[in-house]
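Mapped onto my numbering, the consecutive letters of the sequence shown carry residue numbers 21 to 128. Where is the CB? At the ideal position from N, CA and C, for every residue including glycine.
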Amino acid sequence: MESPAAMELPTAGQPACAFTLTIGWRPTCECEAGEPAPCVVLDPFGGSGTTAMVAGRLGRLGVAIELNRNYCRMASERLAADVAKQPRHVSTTLSLPMLYGPGGLVAD
């Protein structure tokens, strides 16, 4: 069974060309569950920070763990750029170091 987040589109007139369009998360049931409760999203394999970025956009705290220093830098840059674009909904913010690597603090 395919993920509800992706679907394949036909490629009429384009031989040997196929792609997948990711349309985002959507619920798999029709239940009226109401708004999700506030939570912390933990990504033990942080990579480029996509999970933490989406968590932030959904109003959650995203915590990403990544051992590769290059990915830590990439995630830090992506998250900082994304946060700068988002409107602030709270009057105060908490500033904590974002990423630690094998040699200590990588970015804050």
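Here GLY79 is not near THR71, since their CB atoms are 8 Å or more apart. It is roughly 16 Å from the alpha-carbon of ASP63 to the alpha-carbon of ARG98. The closest CA to that of ARG89, considering only PHE65, LYS105, ALA75, is found on PHE65.
For LEU99, the enclosing alpha helix (DSSP H) stretches over residues 89–105.
Rounded to whole angstroms, MET94 and GLN106 show a C-alpha spacing of 19 Å.
The alpha-carbon of TYR91 is positioned some 38 Å away from that of GLU50.
If you ignore the 5 residues before and after VAL103, its C-beta comes within less than 8 Å of the C-beta of GLY76, all in its own chain and listed in chain order.
With fewer than 16 other beta carbons inside 10 angstroms of its own, ALA101 counts as exposed.
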